[in-house]
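If you use the working numbering, the sequence shown corresponds to residues 19 to 309, in order. For every residue, glycine included, the Cβ atom is placed at its ideal position computed from N, Cα and C.
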Amino acid sequence: MTMSKKNHLTAIAVVAHPKVPDAASEAELIATFLKKKGLKAAHGSLYDSELRHRVEAGEYDLLIALGGDGTMLRAGHLCAPHNIPVLGINLGRFGFLMEFGREQWQQMIPQLIEGKYWLERRMMLRCEHWQDKDMQGYWDVLNEAVVGRGEIVRPVHLTAYVDGRFLTTYVADALIAATPTGSTAYALAAGGPILPPDLRNILLVPVAPHLSVDRPIVLAEGSAVSITVFTDHQAVLCPDGQAPIALKSGDQVTVRSSDYTVQFVRFQDPGYFYRNLTPHMNQNPSTGTQR
């Protein structure tokens, strides 16, 4: 993992997921704590347009995100284009991407202010939707881009090319193109391998393939994949779990390494990923009532 320190923090934004209980009040407590330490701090909802604009304008050196892994994804989308590091405090259920829980922030934030942390850099993917040689839209995603069927329970045909060379045609519910970060998300649920977060490889994982290649494939660093949809019914593109984008037969989705990189603030040593992996695998809090 790439390590670096950043000292002399002067301004920090604290954002909370609006649907997580107590997140807003916790964000206010943290902002007040930061101000007492002599820093400029603002707090609000992750979706507050004014606060987001101030983040994008470069007013803050760092963003603290309170919520769960979904909150970290959205915070990464916001901060990566502006090279703003993100510190995650877990108030959600799973928190695989978060650094610590709400009970630890009073202990850890003074270390943050003193510069006793390192930055973990994680790749993003640039996902583009093409129709008749016209780009319909693009997204920079941290977890994955999923191309698959819509509400109709019938597989779609997905032809994949890697670096312009034919790979295979999948007959499947979907094909996931994931980052190493995304390898512990939907790709893992679909039977994919777990990749260390510092890699810069694209992972291809078919979902419910029928009489076609059923093994996940890890592409070489720097490779790109092009996925063409062939179907006589619904098909969609879902970038990082966002609202699905309708695809027509013949539409193409291209996925490559993004120019942006998400920076996560870490206090644990670089071996934390493997040390924390087993507890996450052995007990999934999503099955209970923990938030």
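Boundaries (first-last residue) of the alpha helix (DSSP H) holding ALA11: Shown here, the chain extends from 19 to 309; a query on residue 11 therefore has no answer.
Selected residue, minimal CA-CA separation from PRO103, among LEU109, TYR78 and PRO36: Residue mapping note: residue 103 aligns to position 85 of the sequence shown, counting from 1. Minimum Cα distance to PRO103 is reached at TYR78.
DSSP-derived helix/strand/coil call for MET153: Counting from 1 along the sequence shown, the entry for residue 153 is found at position 135. Residue state, collapsed to three classes: strand.
C-beta contact flag for ASP87 and PHE112 at 8 Å: On the sequence shown, residue 87 is found 69 positions in, with the first residue counted as 1. On the sequence shown, residue 112 is found 94 positions in, with the first residue counted as 1. In this structure, PHE112 lies closer than 8 Å to ASP87 by Cβ.
Distance between LEU115 and GLY85 (C-alpha atoms, nearest Å): Locating residue 85 in the sequence shown gives position 67, where the first residue counts as 1. Locating residue 115 in the sequence shown gives position 97, where the first residue counts as 1. Approximately 11 Å, taken between the alpha carbons.
Short Cβ contact (8 Å threshold) for SER230 with PHE248: Within the sequence shown, numbered from 1, the residue matching residue 230 stands at position 212. Within the sequence shown, numbered from 1, the residue matching residue 248 stands at position 230. No, Cβ-Cβ distance for SER230 and PHE248 is not below 8 Å.
Closest Cα partner of VAL243 within the set GLY119, ALA163, VAL32 and TRP136: On the sequence shown, position 225 is the one that residue 243 refers to. With distances taken between Cα atoms, VAL243 lies closest to ALA163.
Other residues of its chain near ARG293: CB distance less than 7 Å, five sequence neighbours each side excluded: On the sequence shown, position 275 is the one that residue 293 refers to. Once the five neighbours on either side are set aside, ARG293 has no close Cβ partner at all.
Exposed unless 16 or more other CB atoms sit within 10 angstroms - verdict on THR296: Position 278 of the sequence shown, counted from the start, is the residue given in the question as residue 296. Result: exposed.
Exposed unless 16 or more other CB atoms sit within 10 angstroms - verdict on GLN308: Position 290 of the sequence shown, counted from the first residue, corresponds to residue 308. With a pLDDT of only 40 at GLN308, under the threshold of 50, the placement of this residue in the model should not be trusted, and no figure is reported.
Contact check, SER276 vs LEU143, beta carbons under 8 Å: Translated into positions along the sequence shown, residue 276 becomes position 258. Translated into positions along the sequence shown, residue 143 becomes position 125. Going by C-beta atoms, SER276 is nearer than 8 Å to LEU143.
Best match in PRO234, GLN252, VAL165 and ASP158 for proximity to THR177 [C-alpha to C-alpha]: The count along the sequence shown starts at 1 and reaches residue 177 at position 159. It is VAL165.
Contact under 8 Å by Cβ, VAL271 with ILE235: Counted from its first residue, the sequence shown places residue 271 at position 253. Counted from its first residue, the sequence shown places residue 235 at position 217. No, these two residues do not count as a Cβ contact at 8 Å.
Residue range of the beta strand (DSSP E) that includes GLU162: Start at 1 with the first residue of the sequence shown, and residue 162 comes out as number 144. That run of the beta strand (DSSP E) goes 162–167.
Host beta strand (DSSP E) of VAL180 (start-end): Counted from its first residue, the sequence shown places residue 180 at position 162. Run containing VAL180: 174–180, per the beta strand (DSSP E) assignment.
Rounded distance between the beta-carbons of PHE291 and GLU117, thought under 8 Å: The sequence position of residue 117 within the sequence shown is 99, counting from 1. The sequence position of residue 291 within the sequence shown is 273, counting from 1. Actually they do not touch by this definition, with Cβ atoms about 12 Å apart.
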